[in-house]
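Since the structure comes first, as structure tokens, the remarks are kept for the end.
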Amino acid sequence: MIPAFLPLRDAIAAHVRDGLTVALEGFTHLIPFAAGHEIIRQRRRDLTLVRMTPDLIYDQLIGMGCARALVFSWGGNPGVGSLHRLRDAIEQQWPGPLAIDEHSHAGMAVRYAAGAAGLPFGILRGYTGTDLAAANAAHIRPITCPFTGETLTALPALTPDVTILHAQRADREGNVWLRGIVGASREAAMAARTLVVTVEEVVDALDAPMNAFVIPGWQVAAISAVPGGAYPSYALGHYPRDNAFYQAWDGIARTRESFTAWMATHVLGTADHAAFLRSVGGTG
Amino acid sequence: MIPAFLPLRDAIAAHVRDGLTVALEGFTHLIPFAAGHEIIRQRRRDLTLVRMTPDLIYDQLIGMGCARALVFSWGGNPGVGSLHRLRDAIEQQWPGPLAIDEHSHAGMAVRYAAGAAGLPFGILRGYTGTDLAAANAAHIRPITCPFTGETLTALPALTPDVTILHAQRADREGNVWLRGIVGASREAAMAARTLVVTVEEVVDALDAPMNAFVIPGWQVAAISAVPGGAYPSYALGHYPRDNAFYQAWDGIARTRESFTAWMATHVLGTADHAAFLRSVGGTG
Amino acid sequence: MSAYTSDEMMTVAAARRLRNGAVCFVGIGLPSAACNLARLTHAPDLVLIYESGTVGTRPHVLPLSIGDGELAETARSVIPLPEIFTHYLQRGRVDVGFLGAAQVDRVGGLNSTVIGPYAAPQVRLPGAGGAPEIAAHAREVLVVMKQSTRTFVERLDFRTSAGRVRALITDLGVMEPGADGELVLTQVYAGVTVEQVRAACGWPLRVAARIAPVAPPTPEELAVLRDLQTRTRAAHAARVRLDGVGA
Amino acid sequence: MSAYTSDEMMTVAAARRLRNGAVCFVGIGLPSAACNLARLTHAPDLVLIYESGTVGTRPHVLPLSIGDGELAETARSVIPLPEIFTHYLQRGRVDVGFLGAAQVDRVGGLNSTVIGPYAAPQVRLPGAGGAPEIAAHAREVLVVMKQSTRTFVERLDFRTSAGRVRALITDLGVMEPGADGELVLTQVYAGVTVEQVRAACGWPLRVAARIAPVAPPTPEELAVLRDLQTRTRAAHAARVRLDGVGA
Numbered sequence: 004m005i006p007a008f009l010p011l012r013d014a015i016a017a018h019v020r021d022g023l024t025v026a027l028e029g030f031t032h033l034i035p036f037a038a039g040h041e042i043i044r045q046r047r048r049d050l051t052l053v054r055m056t057p058d059l060i061y062d063q064l065i066g067m068g069c070a071r072a073l074v075f076s077w078g079g080n081p082g083v084g085s086l087h088r089l090r091d092a093i094e095q096q097w098p099g100p101l102a103i104d105e106h107s108h109a110g111m112a113v114r115y116a117a118g119a120a121g122l123p124f125g126i127l128r129g130y131t132g133t134d135l136a137a138a139n140a141a142h143i144r145p146i147t148c149p150f151t152g153e154t155l156t157a158l159p160a161l162t163p164d165v166t167i168l169h170a171q172r173a174d175r176e177g178n179v180w181l182r183g184i185v186g187a188s189r190e191a192a193m194a195a196r197t198l199v200v201t202v203e204e205v206v207d208a209l210d211a212p213m214n215a216f217v218i219p220g221w222q223v224a225a226i227s228a229v230p231g232g233a234y235p236s237y238a239l240g241h242y243p244r245d246n247a248f249y250q251a252w253d254g255i256a257r258t259r260e261s262f263t264a265w266m267a268t269h270v271l272g273t274a275d276h277a278a279f280l281r282s283v284g285g286t287g
Numbered sequence: 004m005i006p007a008f009l010p011l012r013d014a015i016a017a018h019v020r021d022g023l024t025v026a027l028e029g030f031t032h033l034i035p036f037a038a039g040h041e042i043i044r045q046r047r048r049d050l051t052l053v054r055m056t057p058d059l060i061y062d063q064l065i066g067m068g069c070a071r072a073l074v075f076s077w078g079g080n081p082g083v084g085s086l087h088r089l090r091d092a093i094e095q096q097w098p099g100p101l102a103i104d105e106h107s108h109a110g111m112a113v114r115y116a117a118g119a120a121g122l123p124f125g126i127l128r129g130y131t132g133t134d135l136a137a138a139n140a141a142h143i144r145p146i147t148c149p150f151t152g153e154t155l156t157a158l159p160a161l162t163p164d165v166t167i168l169h170a171q172r173a174d175r176e177g178n179v180w181l182r183g184i185v186g187a188s189r190e191a192a193m194a195a196r197t198l199v200v201t202v203e204e205v206v207d208a209l210d211a212p213m214n215a216f217v218i219p220g221w222q223v224a225a226i227s228a229v230p231g232g233a234y235p236s237y238a239l240g241h242y243p244r245d246n247a248f249y250q251a252w253d254g255i256a257r258t259r260e261s262f263t264a265w266m267a268t269h270v271l272g273t274a275d276h277a278a279f280l281r282s283v284g285g286t287g
Numbered sequence: 708m709s710a711y712t713s714d715e716m717m718t719v720a721a722a723r724r725l726r727n728g729a730v731c732f733v734g735i736g737l738p739s740a741a742c743n744l745a746r747l748t749h750a751p752d753l754v755l756i757y758e759s760g761t762v763g764t765r766p767h768v769l770p771l772s773i774g775d776g777e778l779a780e781t782a783r784s785v786i787p788l789p790e791i792f793t794h795y796l797q798r799g800r801v802d803v804g805f806l807g808a809a810q811v812d813r814v815g816g817l818n819s820t821v822i823g824p825y826a827a828p829q830v831r832l833p834g835a836g837g838a839p840e841i842a843a844h845a846r847e848v849l850v851v852m853k854q855s856t857r858t859f860v861e862r863l864d865f866r867t868s869a870g871r872v873r874a875l876i877t878d879l880g881v882m883e884p885g886a887d888g889e890l891v892l893t894q895v896y897a898g899v900t901v902e903q904v905r906a907a908c909g910w911p912l913r914v915a916a917r918i919a920p921v922a923p924p925t926p927e928e929l930a931v932l933r934d935l936q937t938r939t940r941a942a943h944a945a946r947v948r949l950d951g952v953g954a
Numbered sequence: 708m709s710a711y712t713s714d715e716m717m718t719v720a721a722a723r724r725l726r727n728g729a730v731c732f733v734g735i736g737l738p739s740a741a742c743n744l745a746r747l748t749h750a751p752d753l754v755l756i757y758e759s760g761t762v763g764t765r766p767h768v769l770p771l772s773i774g775d776g777e778l779a780e781t782a783r784s785v786i787p788l789p790e791i792f793t794h795y796l797q798r799g800r801v802d803v804g805f806l807g808a809a810q811v812d813r814v815g816g817l818n819s820t821v822i823g824p825y826a827a828p829q830v831r832l833p834g835a836g837g838a839p840e841i842a843a844h845a846r847e848v849l850v851v852m853k854q855s856t857r858t859f860v861e862r863l864d865f866r867t868s869a870g871r872v873r874a875l876i877t878d879l880g881v882m883e884p885g886a887d888g889e890l891v892l893t894q895v896y897a898g899v900t901v902e903q904v905r906a907a908c909g910w911p912l913r914v915a916a917r918i919a920p921v922a923p924p925t926p927e928e929l930a931v932l933r934d935l936q937t938r939t940r941a942a943h944a945a946r947v948r949l950d951g952v953g954a
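Chains as they are written, first to last, in the working numbering: chain A, 4 to 287; chain B, 4 to 287; chain C, 708 to 954; chain D, 708 to 954.
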């Protein structure tokens with residue numbers, strides 16, 4: 004009924020196991036960086052990582068060898084340029100090969116929505132006249148409307164073993180309130196077999212307005228209070244996006260050496276997210 | 004850009020024409036009674052009426068001969084019993100025949116959602132083992148998942164010529180905020196070719212919380228300020244549902260004579276919604 | 708307090724089937740009464756979902772309609788109706804669904820659509836609502852219906868939802884499906900005979916080898932149920948006046 | 708203020724194409740600059756939609772990412788991302804979509820996926836994002852790209868989105884599709900020759916019989932654009948500290 008309130012280390016250890024399909028969602032906003040770092044610290048392997056926009060945290064997970072496959076629709080550092088570790092994995096198979104299952108944003112949204120709805124597939128008018136379907140025929144197929152005869156595109160549902168979200172607030176029953184840009188978080192949450200949430204704070208009463216995006220506590224497996232858990236992404240109402248860090252990441256991730264050194268110091272070399280924040284100068 | 008702010012009479016005259024497909028949505032809450040009464044006063048004919056739950060307002064529209072067809076999923080007086088005018092139309096063709104296109108709630112939601120998404124059809128796992136598909140083969144067809152081979156049910160999109168909603172509040176740009184139980188209002192609004200809205204009040208600033216259900220003004224064709232416009236349904240924060248009126252309707256609508264007399268007095272015999280409210284004792 | 712009606716016994720029997728913490732998809736009328744009775748007695752953490760979009764609601768009075776304001780104001784969250792059917796029901800997040808109908812058959816098939824032929828019915832009933840998908844997707848389906856040979860029929864006039872029933876709770880007792888899916892009488896209420904139940908059933912009713920006894924409503928169950936219904940009747944009888952609206 | 712860069716000219720030329728009141732699906736970078744320049748000059752009622760779910764947004768500084776908090780805080784409504792693609796784009800409610808890419812071909816096809824073979828690319832680019840469906844569903848598609856023979860190519864390495872372009876706005880001029888769909892040079896900027904444009908294009912570029920002149924940026928356009936970009940640079944350079952968080 005009520006989710007387990009656990010330290011993040013325990014929540015990740017309990018739910019993220021080698022070989023699972025894991026979605027860390029949040030569109031630019033509320034990206035669960037702390038959870039991603041903890042997965043790296045626990046040296047998980049062979050994960051199928053799912054995310055519309057891989058972002059820096061997937062660059063880190065991929066560069067640290069946690070992933071065997073990536074399901075995605077746009078893999079860049081927004082407004083800055085490449086994700087160098089993602090590129091290195093695809094172009095040079097470093098630190099290992101990375102299988103990709105690639106879509107458009109509209110397609111990823113449809114796949115999550117189908118998973119959330121308990122359907123085996125979803126449909127869209129999309130991919131027409133592109134090379135995407137030919138490149139990914141296992142996951143992109145035509146379908147005919149039984150009423151109009153029109154050909155549309157069908158995509159298989161995404162149902163992650165584990166979806167991890169970051170939110171501003173949970174109450175003591177484990178009800179979780181996300182506010183601001185939510186991306187496909189709702190669909191990723193409802194599609195998941197297991198939902199793990201990190202939050203900025205746990206409060207006695209959510210005080211969410213009616214019709215807010217509140218996930219009932221009985222759907223959440225574990226909640227960890229991790230202040231700053233989305234940094235360098237952001238949590239509306241708590242702290243802004245560290246755009247300067249996103250720009251700095253371009254240099255850090257550009258070479259294997261600088262990346263590995265940075266990860267050793269700031270992620271593997273820190274015990275938890277509070278220590279990570281101190282080490283990158285975000286606090287303290 | 005900014006919708007026309009019109010008296011309800013003018014908004015209905017401009018947008019609801021004989022023969023159109025019209026959806027008055029709102030699930031128990033925010034049912035646009037004032038707009039429905041105005042359609043009756045203007046003696047519109049041959050409408051295809053769409054609504055998940057026909058409710059009293061469709062009982063009235065059907066009994067007054069405005070409809071030639073009904074698309075629906077549950078046609079009763081909630082918690083009370085039959086809609087006697089709907090029954091009379093189907094059982095005895097009074098005041099004329101009524102074609103029906105009948106679904107389950109889940110199916111109607113899928114049909115609206117497909118229309119809102121610009122798709123020709125939607126899918127669900129539903130209708131299995133029921134007589135619904137055989138009774139309505141034109142609108143319910145099997146479809147095969149191209150990935151799993153599973154057979155699901157396909158339903159054609161609903162795209163009403165006009166959707167009419169009632170909401171608590173609009174601002175001067177015509178942005179509309181609905182709060183509380185919204186049913187399939189969002190999907191019915193986005194599926195429509197033309198959207199007409201009645202509101203309890205027009206304000207300088209909506210003051211809606213982030214992530215509220217706000218319809219941008221540029222999607223709305225016309226807005227009419229009609230205080231009490233959902234009565235005897237309700238508008239959360241303004242007035243409650245008149246459950247006693249819903250119970251009384253059972254007696255009013257039971258015979259053609261009592262129904263016709265009531266409509267002549269309270270709807271045809273009143274110039275507008277304010278007069279209607281006075282005549283039924285809701286105000287004054 | 709020892710006297711109670713058969714409706715009360717039926718509501719109490721339905722309420723007792725709900726384990727604390729279960730997620731219930733609640734319909735209006737008797738299911739709503741049973742679920743709230745359970746919530747107010749042995750199952751305080753029952754999660755009630757009404758199809759109007761109210762999740763985790765705790766109404767103080769029973770709603771007349773499926774979308775009364777009371778349900779929204781006491782809900783943990785209020786979401787669009789399509790999500791109730793996709794994210795909750797079709798995705799398999801509902802433990803218990805409650806249904807009623809105008810007709811039931813021996814395998815628990817239900818009719819709430821028409822009496823007579825579909826194209827020219829003698830009686831047009833309200834229709835399917837949420838029933839077909841509740842029957843298909845809830846982990847467990849409970850049906851609550853008063854018994855009569857008119858409603859417990861050999862052959863449905865229309866199959867609105869397929870038979871997939873864990874228990875059919877009547878005003879006389881309880882039927883549960885046997886291995887072949889046909890309903891078998893497994894419980895009768897105090898003071899009711901098996902012959903009475905058989906007489907009020909339109910097909911030759913199978914009877915279990917051992918009929919379990921059903922305890923009558925406890926004083927607490929009766930008090931809570933009657934209190935709830937008294938509050939509800941008073942709330943629904945009040946006419947609404949809009950004098951302040953738009954002022 | 709008479710001097711201006713070719714990037715500024717390109718941004719201004721793109722901004723001028725936006726009529727007041729149009730609904731624009733805005734991408735990050737140059738399209739975002741052009742749309743906000745238009746909104747702050749001749750088109751105050753431009754409706755900006757960013758794929759992150761922000762509808763009718765009016766940012767004071769340009770976002771670095773497509774989902775900066777600035778976009779949410781200045782939006783008329785913030786909705787789930789799937790609805791942006793279904794209710795707005797696929798339903799046909801977007802007037803103008805902006806795209807950029809790593810490669811463009813002579814019919815306006817775009818590549819933002821790979822350089823080299825898909826299975827073993829020399830350069831892995833970010834990928835499709837919203838592009839395929841923007842190209843398919845916006846009433847009008849504008850592409851903004853700096854010209855070079857490396858990016859304006861005879862043959863795309865990968866077709867990320869189909870050619871369906873109303874205008875390709877470059878740093879040298881503007882191309883628009885002819886009757887057969889092939890892009891034709893229709894405008895060049897002041898101080899640019901047709902030969903320069905041809906030399907920076909990887910296919911034999913068709914040129915319209917009459918080349919329309921393009922007015923240089925006005926002082927107001929330049930001032931508003933530079934002011935916006937100065938504000939933006941300052942905002943993005945500030946490091947974030949979380950000392951208060953969780954305290």
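Ideal Cβ positions, reconstructed from N, Cα and C, are used throughout, including at glycine.
Keep in mind it's a predicted model, so treat the numbers as computed, not measured.
- The beta-carbon of residue 215/A is placed less than 8 angstroms from the nearest beta-carbon of chain B.
- Under the DSSP assignment, residue 903/D falls in the alpha helix (DSSP H) whose first and last residues are 901-906.
- The DSSP-derived three-state label of residue 278/B is helix.
- If only uninterrupted beta strand (DSSP E) runs of at least 3 residues are considered, those enclosed by the segment 831-911 of chain D are 847-851, 874-876, 880-884 and 890-896.
- If you compare the alpha carbons of 270/B, 150/B and 71/B with that of residue 93/B, the shortest gap goes to 71/B.
- When only Cα atoms are considered, residue 111/B and residue 886/D end up about 43 angstroms apart.
- Residue 84/A is bridged by DSSP to 80/A.
- Taking 8 angstroms as the threshold, the shortest C-beta distance from residue 128/A to chain D falls below it.
- For residue 792/D, no alpha helix (DSSP H) encloses it, and the DSSP letter there is neither H nor E.
- With a threshold of 8 angstroms between beta carbons, residue 118/A makes no contact with chain B.
- Only residues of its own chain outside the window of five on either side were considered, and among them 26, 191, 192, 195 and 198 have a CB closer than 6 angstroms to the CB of residue 166/B, listed in chain order.
- For residue 61/B, there is no enclosing beta strand (DSSP E); the enclosing alpha helix (DSSP H) covers residues 58-66.
- Approximately 18 angstroms separates the beta-carbon atoms of residue 33/B and residue 224/B; this is outside 8 angstroms, ruling out the contact.
- For residue 77/B, there are no C-beta contacts with chain D under 9 angstroms, since the nearest C-beta of that chain is about 25 angstroms from it.
- Fewer than three Cβ pairs drawn from the segment 42-59 of chain B and the segment 209-218 of chain B lie within less than 8 angstroms of each other, which leaves the two stretches out of contact.
- The C-beta separation of residue 778/D from residue 81/A comes to about 12 angstroms, leaving the pair out of contact by the 8 angstroms criterion.
- By the criterion of a C-beta distance shorter than 7 angstroms, residue 60/B is surrounded in its chain by 27, 34, 36 and 39, once the five residues flanking it on both sides are discounted.
- Going by DSSP, residue 218/B is part of the beta strand (DSSP E) stretching over 216-218.
- Taking a contact to require three or more Cβ pairs closer than 8 angstroms, the segment 822-841 of chain C and the segment 147-162 of chain B do not qualify as touching.
- Of all alpha-carbon atoms in 79/A, 158/A, 15/A and 91/A, the one lying nearest the alpha-carbon of residue 735/D is that of 79/A.
- Look at the segment 100-115 of chain B: it has no residue with a C-beta under 9 angstroms from a C-beta of chain D.
- Taken in chain order, the whole beta strand (DSSP E) runs of length 3 or more contained in the segment 110-188 of chain B are 124-127, 144-147, 154-159, 165-174 and 179-181.
- DSSP, read as helix, strand or coil, puts residue 804/C in strand.
- Secondary structure note for residue 237/B: it is in no beta strand (DSSP E), with a DSSP letter that is neither H nor E.
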